[in-house]
Amino acid sequence: AQSVTQLGSHVSVSEGALVLLRCNYSSSVPPYLFWYVQYPNQGLQLLLKYTSAATLVKGINGFEAEFKKSETSFHLTKPSAHMSDAAEYFCAVSGEEDGNTGKLIFGQGTTLQVKP
Amino acid sequence: GAVVSQHPSRVICKSGTSVKIECRSLDFQATTMFWYRQFPKQSLMLMATSNEGSKATYEQGVEKDKFLINHASLTLSTLTVTSAHPEDSSFYICSASQDLFDEQFFGPGTRLTVL
Numbered sequence: 372a373q374s375v376t377q378l379g380s381h382v383s384v385s386e387g388a389l390v391l392l393r394c395n396y397s398s399s400v401p402p403y404l405f406w407y408v409q410y411p412n413q414g415l416q417l418l419l420k421y422t423s424a425a426t427l428v429k430g431i432n433g434f435e436a437e438f439k440k441s442e443t444s445f446h447l448t449k450p451s452a453h454m455s456d457a458a459e460y461f462c463a464v465s466g467e468e469d470g471n472t473g474k475l476i477f478g479q480g481t482t483l484q485v486k487p
Numbered sequence: 005g006a007v008v009s010q011h012p013s014r015v016i017c018k019s020g021t022s023v024k025i026e027c028r029s030l031d032f033q034a035t036t037m038f039w040y041r042q043f044p045k046q047s048l049m050l051m052a053t054s055n056e057g058s059k060a061t062y063e064q065g066v067e068k069d070k071f072l073i074n075h076a077s078l079t080l081s082t083l084t085v086t087s088a089h090p091e092d093s094s095f096y097i098c099s100a101s102q103d104l105f106d107e108q109f110f111g112p113g114t115r116l117t118v119l
């Protein structure tokens, strides 16, 4: 079965510092990978997605992620954190495995805190 | 971009009553809609997948008689929590996609509190 592990439930960075949120996946088929952001009491907004094209994916708000098959990773980065980046971030995997068609499997989430 | 709405945004009900939550795709036709549940400080757990005009597919451990899902049109799916109890209190989020493997667009969520 597909699964996602996000290392670090809470990450704290200073404004202007590099943001690195870690995500590792498990999948027996080529995966589709996603990063979502969730602000308090709101739904999810797609930051970026990997669908077997370029391994370095650029998303909205200056975020990007690199698909590394050898490491089964899809870490999210942003060169310079902004106060508005403080939110909950979810990594998710999808793909046709065991008839699991179209479903998103989410990681546990990482809370990003940005300090002034 | 594609917009998905949910109604109501929050609801408080008494134990034993039923609550209906609506999920609408406002500017596209959604052949597939997904219902998720999220507990505080936790991830989203898929409850069921619904396809327009057919019965929903429930995830293991989700009671289909308690969480009734109807996807009667290409723009509307409803989740009815029947005989709600305090343990059903949660944040319910829907998503919609034009096709099974297409991007899912998420609604803003519904906060259900059962007293």
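Chains as they are written, first to last, in our numbering: chain A, 372 to 487; chain B, 5 to 119. No residue lacks a Cβ here, since even glycine has one placed at the ideal position from N, Cα and C. In this text, all values refer to a predicted model and were calculated from it rather than measured experimentally.
Could you work out which residues of chain A lie near G111 of chain B, taking near to mean beta carbons separated by less than 7 Å? G414
Which residue or residues does DSSP assign as beta-bridge partners of N412 of chain A? Bridge partners of N412 of chain A: none, in fact.
What residue ranges within the segment 10-41 of chain B form continuous beta strand (DSSP E) runs of no fewer than 3 residues, ordered along the chain? 14-17, 23-29
Does L116 of chain B have its Cβ less than 8 Å from a Cβ in chain A? no
Can you tell which of A:K486, A:Y407, A:Q377 has its C-alpha closest to the C-alpha of G430 of chain A? A:Y407
Among all the DSSP beta bridges, which residues are the ones paired with L119 of chain B? Partner(s): none; L119 of chain B has no beta bridge.
Can D103 of chain B and T35 of chain B be called in contact, C-beta distance under 8 Å? yes
Would you please verify whether the beta carbon of S47 of chain B is less than 8 Å from any beta carbon of chain A? yes
Using a Cβ-Cβ distance under 8 Å, would F477 of chain A count as near chain B? yes
Compile a chain-ordered list of the residues in the segment 64-75 of chain B whose CB is closer than 8 Å to at least one CB of chain A. none
Might you give, ordered along the chain, the residues of its own chain that have their beta carbon closer than 8 Å to the beta carbon of N379 of chain A, omitting 5 neighbours on each side? A quick correction: the sequence has Gly, not Asn, at residue 379 of chain A. Taken in chain order, the residues that qualify are L392, R393, T481.
C-alpha gap between A388 of chain A and K449 of chain A, whole angstroms: 9 Å
Pull up the distance between the alpha-carbon of M454 of chain A and that of S58 of chain B, whole angstroms please. 45 Å
For the pair the segment 24-39 of chain B and the segment 88-99 of chain B, tell me if three or more CB-CB distances fall below 8 Å. yes
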